[in-house]
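Colleague: If you're matching them up, the sequences are chains X and H in order.
With my numbering, you'll find the first sequence wraps up at 151, consecutive numbering, no jumps.
With my numbering, you'll find the second sequence wraps up at 1543, consecutive numbering, no jumps.
Yeah, the Cβ is synthetic: ideal placement off N, Cα and C, and Gly gets one too.
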Amino acid sequence: MADSLGTSPDEVQFRFRDDEPVDHAAVTVDSVLEQTNATAVRIEPGDDARLLLPFLDRLALVEVNFPAFGDGRGYSAARILREAGYTGELRAVGAVLIDQLSHMRRCGFDSFAPDQRLDEEDAARAFATWENVYQRAADARRTIADKRHEA
Amino acid sequence: MYRYDQYDQAMVDARVAEFRDQARRRLEGKLTEDQFKPLRLMNGLYLQLHAYMLRVAIPYGTLDARQLEMLADIADKYDRGYGHFTTRQNIQYNWIKLDDCADALADLATVEMHAIQTSGNCIRNISADHFAGAAADEVVDPRPYAELMRQWSSFHPEFTYLPRKFKIAVIASEKDRAAMRLHDIGVRIVRNAAGEIGAEFYAGGGMGRTPMIAPLIRDFVPIDQFITYAEACLRVYNRYGRRDNKYKARIKILVHELGAEEYIRQVEEEFAHLLSVGVEPPREELARITEYFAPPAFVDGPKTVDRSDPDFALWVDRNTHRHKHDAYVSAVISLKPAGGIPGDATSGQMRVVARLAREYSFDELRVMHTQNLLLPHVAIRDLPAVWQALDEAGLGSPNKDTIEDIIACPGLDYCSLANARSIPLAQRISERFAATGRTEVVGELKLKISGCINACGHHHAGHIGILGVDKKGKENFQLSLGGSEAEDVSLAKITGPGFDEDGVIAAVETVTDVYLAARTDGERFLDTYRRIGMEPFKEALYG
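#1: Once the 5 residues before and after H:Ile1223 are set aside, which same chain residues still bring their CB inside 6 Å of it?
#2: Compare the C-beta of H:Gln1151 against all C-beta atoms of chain X and say whether one is closer than 9 Å.
#3: Determine the chain X residues that contact H:Glu1285 at a beta-carbon separation under 8 Å, and present them in chain order.
#4: Short check: CB of H:Ile1171 to CB of H:Asp1129, under 9 Å?
#5: For H:Met954, which of helix, strand or coil comes out of DSSP?
#6: Less than 9 Å between CB atoms is the rule here; does H:Phe1159 satisfy it with respect to chain X?
#7: If you check the beta carbons only, do H:Phe1159 and X:Tyr75 fall under 9 Å apart?
#8: Is X:Arg142 helix, strand or coil by DSSP?
#9: Taking 9 Å as the CB-CB limit, is H:Ala1014 close to chain X?
#10: Which residues in chain H sit within 7 Å of X:Leu101, going by Cβ to Cβ distance?
#11: Since H:Leu1395 and H:Ala1331 should fall inside the 8 Å C-beta cutoff, what is the C-beta to C-beta distance between them, to a whole number of angstroms?
#12: Could you tell me the distance, in whole angstroms, from the CA atom of H:Asp1470 to the CA atom of H:Ile1341?
#13: Per DSSP, which one or two residues make a beta bridge with H:Glu1200?
#14: Identify, in the order they occur along the chain, each residue of the same chain with its Cβ nearer than 7 Å to the Cβ of H:Gly1133, setting aside the five sequence neighbours on each side.
#15: Within 9 Å of any Cβ in chain X, is that where the Cβ of H:Arg1124 sits?
#16: Taking 9 Å as the threshold (beta carbon to beta carbon), is X:Leu90 in contact with chain H?
#17: Could you tell me the alpha carbon to alpha carbon distance between H:Gly1543 and H:Arg1531, rounded to whole angstroms?
#18: Restricting to Cα atoms, I'd like to know which of X:His149, X:Ile144, X:Asp119, X:Glu89 is closest to X:Arg17.
#19: Just confirm the distance between the C-beta atoms of H:His1463 and H:Leu1541, as a whole number of angstroms; I'd bet it's less than 8 Å.
#20: Tell me which same chain residues have a C-beta within less than 7 Å of the C-beta of H:Val1016, skipping the five on either side of it?
#21: Could you please tell me which residues of the stretch 122 to 135 of chain X, in chain order, have their CB closer than 9 Å to any CB of chain A?
#22: Using beta carbons (cut-off 9 Å, strictly below), is H:Asp1224 in contact with chain X?
#23: Quick one, which residues of the stretch 1256 to 1286 of chain H are near chain X if we go by CB-CB under 9 Å, in chain order?
#24: May I ask you to report which of helix, strand or coil DSSP gives X:Ile98?
#25: Kindly say whether H:Ser1154, judged by its beta-carbon, lies nearer than 9 Å to any beta-carbon of chain X.
#26: Whole angstroms are fine: how far does the CA of H:Ala1194 sit from the CA of H:Ala1297?
#27: Are H:Arg1239 and X:Ala77 closer than 9 Å when you measure CB to CB?
#28: Can you tell me which residues form a DSSP beta bridge with H:Met1212?
#29: Excluding the 5 residues flanking X:Val32 on each side, which residues of the same chain have their C-beta closer than 7 Å to its C-beta?
#30: Determine the direct distance from the alpha carbon of H:Glu1200 to that of X:Ala25, and round the result to whole angstroms.
#31: Residue range of the alpha helix (DSSP H) that H:Tyr1414 falls in?
#32: Could you check how far apart the C-beta atoms of H:Ala1051 and H:Ile1096 are, in whole angstroms? I think they sit under 8 Å.
#33: What residues from chain H crowd round X:Arg79, counting only those whose CB sits closer than 7 Å?
#34: First and last residue of the alpha helix (DSSP H) that includes H:Ile1341?
#35: Residues bridged to H:His1377 by DSSP?
#36: Quick check on H:Tyr1247: buried or exposed, where buried means 16 or more other Cβ atoms within 10 Å of its Cβ?
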């Protein structure tokens, strides 16, 4: 049983969704491919997020684990899921630090369960760091270039 | 040249504020040194042997006089009155205090400059052909494309924790003056048969401990898909580049291990997907940027100049480069005085160069990857005045592309990674060749020195390369021959056992002896080496 896998709602420190958080264990990517009823999954850095694309409809929670803050594969995983139309909760878990929050948000994460609780004030400042952005990403914000050339 | 609008300025200002906040949290103990390290690195702040080093970005090597004057002011205010220009067209200060760093960054921001992404495992400052906008042989000015990439790569949310650092160079001519194929991604802007602008992409080049020449991965990316294609290249690398071993984490290893064909296949798949997502900036953005790089108002004038002073004539022959307008040249300002430290300039010298740029080069100057400065647009009639001012400031060495024009890393005098000192070796070699008059006899000969295997001194790409290693606690220098960073790119091969400092200087003289004895008319050292091979050199060195 993989019931110890994943974070529970009370470990989530920041959440940018109005729906009720999913409250049951996540399974591994491999298990999702076999278990037709799983609604929560946990992606590890080496997992191919694209394997989940056929199952997005039934997933309500995807956790992306960051065992080390310097391993940036999870940022690509998040964008790939959002680009494929995933609208459920996308939770960054593990070594999630203040200075990564704004980039993670841009990549489509909408909830955060850092393994060490972050200072609320520092985090609020970090989420608001970039008033404008250069790139198109998963958050659909209008970019600086879009604003420069709006009709 | 490019000017920030309110958005660009706000981004840089936000970054300064963010860094101040990070430094505060570090001091309050909310960040461990391990957590702070990648953050300070992404703001260009390294911890070196003796002090912090601050690396300031000079995007595609382009500066105006006001900016160079600020670099001079920073050298005086926060450092020891000088700076070091690097092979990535940046400048480094070697004696910065951590407490001063945010203030220095704030000063830089007042002249549209920063130290963003000059280090760390992210997309680094974009480099370009230093003759961009001036070279007679360019298809277009490559800098607008580099600026488009600068904006895309700055604070990229997905690519801030790559497996390893990522360097991109952009050129737009057949000649390669930016070591383009020795970059993680090299871009050549080209025009196709239909007259449309596009980009040739190379990926997986690099130096370091495993030097590789980047293979061509696409011969034409339509320019309105330029950023999308780059994003695809980076995403494949971010997902599949190795993270188990930092020495195998560069994209060159991924491309090598997958094979270029498989890497290309994955990039094309990702590219097709990203085209459907729509990540390309609006077309008008490139047009907006390009306007900033409109050529200055060149005026007709004399095409020749009085060459009666032989010193002046030599400098003109050596240090000027053909310009697209025939009444102008580009003038290379050597930061390689015989016996000097390659790439170093004092604040006083920076101010002289700034004044000359303002008076004689439409307020524009460049940093070259060869660690020299450049006035891109000098009217031929102004050359005597420019040369005289440079000469008086100790900046008039007529040695571009000669054996005195040495690329050298900071080495063990500054760097915490180095095994050997590069600077004293460069100083002694340039001094020796200048004193014996051999520099001129030998002609074009690119000598590059690295103080350790990381190859910041580009020794793999030197016609002659020298690598400093540690051999049982003693500095030892390996000699290699036959490298080139240019359009005839090749990697140098080691001659054999290494030498001590005196020995390697003698060895450099020995290989130039072999060259002088064997060369045919018009052959450079590199050409002779390629024709006769390694054996005659080995024979003379170890025989």
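Modeller: The answer reads as follows:
#1: Along the second sequence, read from residue 1 onward, the residue named residue 1223 of chain H stands at position 223. Around H:Ile1223: Ile1197, Gly1198.
#2: Here residue 1151 of chain H is taken as the residue at index 151 of the second sequence, counted from 1. Judged by the 9 Å Cβ criterion, H:Gln1151 is in contact with chain X.
#3: Indexing the second sequence from 1 puts residue 1285 of chain H at position 285. Ala145, Arg148, His149, listed in chain order.
#4: Within the second sequence, the letter at position 171 stands for residue 1171 of chain H. Within the second sequence, the letter at position 129 stands for residue 1129 of chain H. Result yes, Cβ atoms of H:Ile1171 and H:Asp1129 sit closer than 9 Å.
#5: Residue numbering for chain H in the displayed model covers 1001 to 1543; residue 954 of chain H lies beyond these limits and cannot be assessed.
#6: Taking the first residue of the second sequence as 1, we reach residue 1159 of chain H at position 159. Yes, H:Phe1159 lies at the interface with chain X (some Cβ there is under 9 Å from its Cβ).
#7: Sequence index remark: in the second sequence, residue 1159 of chain H carries index 159 (1-based). Sequence index remark: in the first sequence, residue 75 of chain X carries index 75 (1-based). Using a Cβ distance threshold of 9 Å, H:Phe1159 and X:Tyr75 count as a contacting pair.
#8: Residue mapping note: residue 142 of chain X aligns to position 142 of the first sequence, counting from 1. It is coil, neither helix nor strand.
#9: Position 14 of the second sequence, counting from 1, holds the residue named residue 1014 of chain H. So yes, H:Ala1014 belongs to the interface.
#10: Within the first sequence, numbered from 1, the residue matching residue 101 of chain X stands at position 101. Per Cβ cutoff of 7 Å: no residues; X:Leu101 is ~11 Å from chain H at best.
#11: Within the second sequence, the letter at position 395 stands for residue 1395 of chain H. Within the second sequence, the letter at position 331 stands for residue 1331 of chain H. The C-beta distance from H:Leu1395 to H:Ala1331 rounds to 10 Å, too long to meet the 8 Å contact threshold.
#12: Stepping through the second sequence from its first residue, residue 1470 of chain H is reached at position 470. Stepping through the second sequence from its first residue, residue 1341 of chain H is reached at position 341. Cα-Cα distance, rounded: 22 Å.
#13: To locate residue 1200 of chain H, count along the second sequence from 1; it is residue 200. When DSSP reads this structure, H:Glu1200 sits in a beta bridge with H:Arg1188.
#14: Sequence index remark: in the second sequence, residue 1133 of chain H carries index 133 (1-based). For H:Gly1133, where only same-chain residues beyond five positions count, the Cβ hits under 7 Å are Asp1141, Arg1143, Phe1293, Pro1295, Pro1376.
#15: What you label residue 1124 of chain H is simply residue 124 of the second sequence in a count that begins at 1. Not an interface residue.
#16: Mapped onto the first sequence, residue 90 of chain X falls at position 90. It does not; no Cβ of chain H falls within 9 Å.
#17: On the second sequence, residue 1543 of chain H is found 543 positions in, with the first residue counted as 1. On the second sequence, residue 1531 of chain H is found 531 positions in, with the first residue counted as 1. Spanning the two alpha carbons is a distance of roughly 20 Å.
#18: Here residue 17 of chain X is taken as the residue at index 17 of the first sequence, counted from 1. The residue from X:His149, X:Ile144, X:Asp119, X:Glu89 with its alpha-carbon nearest to that of X:Arg17 is X:Glu89.
#19: Mapped onto the second sequence, residue 1463 of chain H falls at position 463. Mapped onto the second sequence, residue 1541 of chain H falls at position 541. H:Leu1541 and H:His1463 do not touch by the CB rule: their CB atoms are close to 16 Å apart, not below 8 Å.
#20: Here residue 1016 of chain H is taken as the residue at index 16 of the second sequence, counted from 1. For H:Val1016, same chain residues with a beta-carbon under 7 Å away, outside a window of 5 residues either side, are Ala1102, Leu1105, Ala1106, Ala1109 in chain order.
#21: Going by chain labels, chain A is absent from the structure shown, which instead holds the protein chains X and H.
#22: Position 224 of the second sequence, counting from 1, holds the residue named residue 1224 of chain H. So, not an interface residue.
#23: Residues are counted here when their Cβ sits less than 9 Å from a Cβ of chain X; for the stretch 1256 to 1286 of chain H these are His1273, Leu1274, Ser1276, Val1277, Gly1278, Val1279, Glu1280, Pro1281, Pro1282, Arg1283, Glu1284, Glu1285, given in chain order.
#24: Here residue 98 of chain X refers to the residue found at position 98 when the first sequence is read from its first residue. In the three-state reduction of the DSSP assignment, X:Ile98 falls in the helix class, which pools H, G and I.
#25: To locate residue 1154 of chain H, count along the second sequence from 1; it is residue 154. Yes, its Cβ sits closer than 9 Å to a Cβ of chain X.
#26: Looking up residue 1297 of chain H in the second sequence gives position 297. Looking up residue 1194 of chain H in the second sequence gives position 194. Taking the straight line joining both Cα atoms gives about 29 Å.
#27: Walking along the second sequence from the start, residue 1239 of chain H turns up at place 239. Walking along the first sequence from the start, residue 77 of chain X turns up at place 77. Taking 9 Å as the Cβ cut-off, H:Arg1239 and X:Ala77 qualify as a contacting pair.
#28: For the purposes of this step, residue 1212 of chain H is taken as the residue at position 212 of the second sequence. Partner(s): H:Gly1206.
#29: By one-based count along the first sequence, residue 32 of chain X stands at place 32. Cβ neighbours of X:Val32 within its own chain (closer than 7 Å, five residues either side excluded): Ala38, Val41, Leu52, Phe55.
#30: For the purposes of this step, residue 25 of chain X is taken as residue 25 along the first sequence, with counting starting at 1. For the purposes of this step, residue 1200 of chain H is taken as residue 200 along the second sequence, with counting starting at 1. Straight-line measurement puts the Cα of H:Glu1200 at about 48 Å from the Cα of X:Ala25.
#31: In the second sequence, residue 1414 of chain H corresponds to position 414, counting from 1. For H:Tyr1414, no alpha helix (DSSP H) run applies, since DSSP gives it neither H nor E.
#32: As a first step, residue 1051 of chain H is located in the second sequence; it is residue number 51 there, counting from the start. As a first step, residue 1096 of chain H is located in the second sequence; it is residue number 96 there, counting from the start. So it is a contact: roughly 7 Å between Cβ atoms.
#33: For this step, residue 79 of chain X is matched to residue 79 along the first sequence. Near X:Arg79 (Cβ distances below 7 Å), the residues of chain H are Glu1158.
#34: The residue given as residue 1341 of chain H occupies position 341 in the second sequence. Run containing H:Ile1341: none; DSSP gives neither H nor E here.
#35: Position 377 of the second sequence, counting from 1, holds the residue named residue 1377 of chain H. Within the DSSP bridge table, the entry for H:His1377 names no partner.
#36: Working through the second sequence from its first residue, we reach residue 1247 of chain H at position 247. Residue burial is scored here from C-beta neighbours: H:Tyr1247 has fewer than 16 other C-beta atoms within 10 angstroms and is therefore classed as exposed.
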